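Notes follow the structure.
2 protein chains.
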Amino acid sequence: MKTYLDCIPCFFRQLLSAARIANISARDQKKILDKFAQILPDIPLSYSPPEIAHIAYGILPEISGKKDPYNRIRRKSNEIALSFLPQLKKKIEGTKDKLLKCVELAILGNVIDFGVRDDLNLRSEIKKILNTDNYKKSIFHYSEFKRVLKKSDFILYLADNAGEIVFDRILLEEMKNTYPQKKIYYVVKSEPIINDALLDDAYRVGINMFAYVMTNGSNAPGTIISLCSKEFKGIYKKADMIISKGQGNFESLSRSTKDIFFMFMVKCSVVAKHIGCNISDLVLLYNKKRR
Amino acid sequence: MKTYLDCIPCFFRQLLSAARIANISARDQKKILDKFAQILPDIPLSYSPPEIAHIAYGILPEISGKKDPYNRIRRKSNEIALSFLPQLKKKIEGTKDKLLKCVELAILGNVIDFGVRDDLNLRSEIKKILNTDNYKKSIFHYSEFKRVLKKSDFILYLADNAGEIVFDRILLEEMKNTYPQKKIYYVVKSEPIINDALLDDAYRVGINMFAYVMTNGSNAPGTIISLCSKEFKGIYKKADMIISKGQGNFESLSRSTKDIFFMFMVKCSVVAKHIGCNISDLVLLYNKKRR
Numbered sequence: 022m023k024t025y026l027d028c029i030p031c032f033f034r035q036l037l038s039a040a041r042i043a044n045i046s047a048r049d050q051k052k053i054l055d056k057f058a059q060i061l062p063d064i065p066l067s068y069s070p071p072e073i074a075h076i077a078y079g080i081l082p083e084i085s086g087k088k089d090p091y092n093r094i095r096r097k098s099n100e101i102a103l104s105f106l107p108q109l110k111k112k113i114e115g116t117k118d119k120l121l122k123c124v125e126l127a128i129l130g131n132v133i134d135f136g137v138r139d140d141l142n143l144r145s146e147i148k149k150i151l152n153t154d155n156y157k158k159s160i161f162h163y164s165e166f167k168r169v170l171k172k173s174d175f176i177l178y179l180a181d182n183a184g185e186i187v188f189d190r191i192l193l194e195e196m197k198n199t200y201p202q203k204k205i206y207y208v209v210k211s212e213p214i215i216n217d218a219l220l221d222d223a224y225r226v227g228i229n230m231f232a233y234v235m236t237n238g239s240n241a242p243g244t245i246i247s248l249c250s251k252e253f254k255g256i257y258k259k260a261d262m263i264i265s266k267g268q269g270n271f272e273s274l275s276r277s278t279k280d281i282f283f284m285f286m287v288k289c290s291v292v293a294k295h296i297g298c299n300i301s302d303l304v305l306l307y308n309k310k311r312r
Numbered sequence: 022m023k024t025y026l027d028c029i030p031c032f033f034r035q036l037l038s039a040a041r042i043a044n045i046s047a048r049d050q051k052k053i054l055d056k057f058a059q060i061l062p063d064i065p066l067s068y069s070p071p072e073i074a075h076i077a078y079g080i081l082p083e084i085s086g087k088k089d090p091y092n093r094i095r096r097k098s099n100e101i102a103l104s105f106l107p108q109l110k111k112k113i114e115g116t117k118d119k120l121l122k123c124v125e126l127a128i129l130g131n132v133i134d135f136g137v138r139d140d141l142n143l144r145s146e147i148k149k150i151l152n153t154d155n156y157k158k159s160i161f162h163y164s165e166f167k168r169v170l171k172k173s174d175f176i177l178y179l180a181d182n183a184g185e186i187v188f189d190r191i192l193l194e195e196m197k198n199t200y201p202q203k204k205i206y207y208v209v210k211s212e213p214i215i216n217d218a219l220l221d222d223a224y225r226v227g228i229n230m231f232a233y234v235m236t237n238g239s240n241a242p243g244t245i246i247s248l249c250s251k252e253f254k255g256i257y258k259k260a261d262m263i264i265s266k267g268q269g270n271f272e273s274l275s276r277s278t279k280d281i282f283f284m285f286m287v288k289c290s291v292v293a294k295h296i297g298c299n300i301s302d303l304v305l306l307y308n309k310k311r312r
């Protein structure tokens, strides 16, 4: 997806939010916005939003000296989400189509995004998830998901945020139980970027019990293939099916020619308009391989 | 009021909205945002938001060649608001405290602001005003307003937006009926800026029947005294009481030492936080002269 002009104010907003979470002086916060403002004219809008966000977030450690301001948030998100794991699992029991419920939960977990909202109350968000059964699903290619999953041997699962990965774990467990022979790779970021999940997070919530955990060699928000490691690129190329979590991965991979199932909660009006749905809708979008 | 860091993303958003209303190419829209980005690092945050907005909006005609993109919107806002004038006046009849109702209506009219929302449906907004009687008034210095009004001979009324001025007319008529001897000056902008009222707008809706209509010599959003005409500055200095409409005037005059009653609808979280209330609250804030 290309960057829209509406994304520009949002980059400044996100950067300010990150600078605040880094707990630096207002003067340094302004310096960070100024630096991004200086670079902006040279950035073409043909870049995807995560490509520009990657440049923007790169300014933060440069000026603040802080490489991982979201560390505490990531850790806490995992802990809180994990504490709800038994209740979340209970919600699946007895449902007619377990896989469907797990897919829904994995998408609902995408509400945990501190790049979009810095005032997120995790506990109350998860309680809402536990107490709701009617979600607005505007694009939901579930039958295709089920079909492609069945026939795919080699699955790549691109993670998004810490905390959210507990919801991924539920889906991965269901996939592993149904198809123990399939090879599933679960991919996190190599270095800190916002609250995106890292290797340590994946292990902490036990993803490794159900999938091979690896990094993509990059610290970009989303998945910018050109910035990823050779190892990741090889696996990305070979995968039969890709499950991609979060709006950032959608924004950076929507022009891909691979078989991808994008799972995310719509976070902004730009993406909502781009795919024709509303903010907060659950999306399971099949990007069919062009053969 | 100084500019907060949160205002920075908002300047970009407002500028983009104005560029779109000017109906120029996406390339030129980007050029306008880029130009503002280039200037931004040199602008100190001690400036009030309207001072920075004035710089930002100045880029628009420079690049687009369009000096008055909101012309049609202004004209239409006046026409639509005027068509509701009989119903609005009827709403006042029979109320116990007519002045109070007129003050409330004048503030409610401040909803007509295309700098904040470009998707405003004027008719439905005015219908809402006609059908509601419970407004959230967090700061409402009405008894002070009534008292100061009574004793003031020379009143300065700073207008905000086209369309909204029809609501001002109602308040002005009530003031004129109650106090026919008082001298009231109604001040509009000299040249186009967003949908702010101009001389032509004031005459179109008949303000001149109830007040002397004049311009402030400036095309800044809000009232930036240093940019105003000598004539306006003289009147501003002499006035016993100033009625100031809209958030822009509040932002630019909140540090004034004059007796000012700020009347506006809270439009953003920054101002809401600054004065301690919520977005959409009606505010009648007494800025008492420091003697």
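Same order as they appear, the protein sequences are chains A and B. Each position in the first sequence, counted from 1, maps to that position plus 21 in our numbering. Each position in the second sequence, counted from 1, maps to that position plus 21 in our numbering. Glycine is no exception: its CB is placed at the ideal position from the N, C-alpha and C atoms. Please read these numbers as outputs of a predicted model, since none were measured by experiment.
Element boundaries [beta strand (DSSP E), containing isoleucine 61(B)]: For the purposes of this step, residue 61(B) is taken as the residue at position 40 of the second sequence. The amino acid at residue 61(B) is misidentified as isoleucine; the sequence shows leucine. Here leucine 61(B) belongs to no beta strand (DSSP E), and DSSP marks it neither H nor E.
What residue does the alpha helix (DSSP H) around phenylalanine 33(A) start on, and which one ends it? Residue numbering aside, residue 33(A) sits at position 12 when the first sequence is read from its first letter. Segment 28-42, the alpha helix (DSSP H) holding phenylalanine 33(A).
Counted within 10 angstroms of its Cβ, other Cβ atoms place asparagine 270(A) as buried (16 or more) or exposed: Residue numbering aside, residue 270(A) sits at position 249 when the first sequence is read from its first letter. Counting Cβ neighbours within 10 Å, asparagine 270(A) comes out buried, since at least 16 surround it.
Could you name the residues of the stretch 40-64 of chain B whose beta carbon sits closer than 7 Å to any beta carbon of chain A, in the order they occur along the chain? Ala47, Gln50, Lys51, Leu54, Asp55, Ala58, Gln59, Leu61, Pro62
What is the C-beta distance between aspartate 189(A) and valine 209(A), in whole angstroms, given that I count them as a contact (C-beta under 8 Å)? Locating residue 189(A) in the first sequence gives position 168, where the first residue counts as 1. Locating residue 209(A) in the first sequence gives position 188, where the first residue counts as 1. Aspartate 189(A) to valine 209(A), Cβ: 10 Å. No contact.
Along chain B, in chain order, which residues have C-beta atoms closer than 9 Å to that of phenylalanine 188(A)? Reading the first sequence from its first residue, position 167 is the one you call residue 188(A). Here the premise fails: no neighbours, minimum Cβ distance about 30 Å.
Could you tell me which chain B residues have their CB closer than 8 Å to the CB of cysteine 31(A), listed as they occur along the chain? Within the first sequence, the letter at position 10 stands for residue 31(A). Within chain B, the residues near cysteine 31(A) are Pro30.
Under 9 Å between beta-carbons, which chain B residues line up against aspartate 221(A)? List them in chain order, please. As a working note, residue 221(A) is residue 200 in the first sequence. Ordered by position in chain B, no residue passes the 9 Å Cβ test against aspartate 221(A), which lies about 32 Å from the chain.
Within 8 Å (strictly less), CB to CB, does leucine 274(A) reach chain B? For the purposes of this step, residue 274(A) is identified with residue 253 of the first sequence, where counting begins at 1. For leucine 274(A), the answer is no, since every Cβ of chain B falls outside 8 Å of its Cβ.
Contacts around serine 239(A), its chain only, beta-carbon distance under 7 Å, and the 5 residues preceding and following it disregarded: As a first step, residue 239(A) is located in the first sequence; it is residue number 218 there, counting from the start. Lys210, Ser211, Ile245, Leu248, Cys249, listed in sequence order.
Pairing CB atoms from the stretch 108-121 of chain A with CB atoms from the stretch 224-231 of chain A, are three or more of them under 8 Å? no
Ordered along the chain, which non-local residues of its own chain (more than five positions away) have a Cβ less than 6 Å from that of aspartate 302(B)? As a working note, residue 302(B) is residue 281 in the second sequence. Within the same chain, aspartate 302(B) has close Cβ partners Lys157, Ser159, Val287.
Take every Cβ of the stretch 23-40 of chain A, pair it with every Cβ of the stretch 65-74 of chain A, and state whether three or more of those distances are shorter than 8 Å. yes
Short CB-CB distance (under 8 Å) between leucine 141(B) and chain A: Your numbering for residue 141(B) matches position 120 in the second sequence. No, its Cβ sits nowhere closer than 8 Å to a Cβ of chain A.
Closer than 8 Å by C-beta to isoleucine 214(B): which residues in its own chain qualify, once you throw out the five before and the five after it? Chain order, please. Mapped onto the second sequence, residue 214(B) falls at position 193. If we look at isoleucine 214(B) and ignore the five residues flanking it on each side, its Cβ neighbours are His75, Tyr78, Asn240, Ala241, Pro242.
Using a threshold of 7 Å, is the CB atom of phenylalanine 271(B) nearer than that to any non-hydrogen atom of the ligand COA? The model on display carries no ligand, and the ligand COA is accordingly not part of it.
Which residue or residues does DSSP assign as beta-bridge partners of tyrosine 206(B)? Here residue 206(B) is taken as the residue at index 185 of the second sequence, counted from 1. According to DSSP, tyrosine 206(B) bridges with Leu177(B), Tyr233(B).
If contact is defined by three or more beta carbon pairs under 8 Å, each pair taking one atom from either stretch, is the stretch 87-105 of chain A in contact with the stretch 256-266 of chain A? no
Isoleucine 101(B) vs glycine 184(B) beta-carbon contact at 8 Å: In the second sequence, the residue the question calls residue 101(B) occupies position 80. In the second sequence, the residue the question calls residue 184(B) occupies position 163. In this structure, glycine 184(B) lies closer than 8 Å to isoleucine 101(B) by Cβ.
Apply the 10 Å Cβ neighbour rule to glutamine 202(B) and answer buried if 16 or more other Cβ atoms are within range, or exposed otherwise. Working through the second sequence from its first residue, we reach residue 202(B) at position 181. Burial call: exposed.
Which listed residue (Tyr163(A), Phe166(A), Ile133(A)) has its alpha carbon closest to that of isoleucine 150(A): As a working note, residue 150(A) is residue 129 in the first sequence. Here the closest residue by C-alpha is Ile133(A).
As an exercise, report each continuous beta strand (DSSP E) stretch of at least 3 residues that is fully enclosed by the stretch 251-280 of chain B, in chain order. 262-266
Residue environment, lysine 266(B), which counts as buried when at least 16 other CB atoms sit within 10 Å: For the purposes of this step, residue 266(B) is taken as residue 245 along the second sequence, with counting starting at 1. Lysine 266(B) should be labelled buried.
Measuring only between beta-carbons, confirm whether aspartate 134(A) sits less than 8 Å from chain B. Residue 134(A) sits at position 113 when you count from the first residue of the first sequence. No - not a single Cβ of chain B is within 8 Å of the one on aspartate 134(A).
Residue ranges of each beta strand (DSSP E) within the stretch 109-165 of chain A, 3 or longer: 158-161
Report the residue from Glu83(B), His162(B), Ile205(B), Leu36(B) whose alpha carbon sits nearest the alpha carbon of isoleucine 176(B). Within the second sequence, numbered from 1, the residue matching residue 176(B) stands at position 155. The residue with the shortest Cα to Cα distance from isoleucine 176(B) is Ile205(B).
Helix, strand or coil at asparagine 308(A) [DSSP, three-state]: Walking along the first sequence from the start, residue 308(A) turns up at place 287. Residue state, collapsed to three classes: strand.
Under 8 Å between the Cβ atoms of lysine 119(A) and glutamate 195(A)? In the first sequence, the residue the question calls residue 119(A) occupies position 98. In the first sequence, the residue the question calls residue 195(A) occupies position 174. Contact flag set, yes.
Who are the Cβ neighbours of alanine 43(A) in its own chain at under 8 Å, not counting the five residues just before and after it? Residue numbering aside, residue 43(A) sits at position 22 when the first sequence is read from its first letter. Correct list, in chain order: Leu81, Ser85, Lys87, Pro90.
What did DSSP end up calling asparagine 182(A) once you bin it into helix, strand or coil? Residue mapping note: residue 182(A) aligns to position 161 of the first sequence, counting from 1. Asparagine 182(A) falls in the strand class under three-state DSSP.
To the nearest angstrom, how far is it from the Cα of glutamate 272(B) to the Cα of valine 292(B)? The sequence position of residue 272(B) within the second sequence is 251, counting from 1. The sequence position of residue 292(B) within the second sequence is 271, counting from 1. Roughly 8 Å between the two C-alpha positions.
DSSP-derived helix/strand/coil call for methionine 284(A): Locating residue 284(A) in the first sequence gives position 263, counting from the first residue. Strand.
Which of helix, strand or coil does DSSP assign to histidine 222(A)? Stepping through the first sequence from its first residue, residue 222(A) is reached at position 201. For the sequence presented, residue 222(A) should be read as aspartate rather than histidine. Three-state DSSP puts aspartate 222(A) in a helix.
Give the range of the alpha helix (DSSP H) segment to which lysine 294(A) is assigned. The residue labelled residue 294(A) in the question sits at position 273 within the first sequence. Lysine 294(A) -> alpha helix (DSSP H) spans 290-296.
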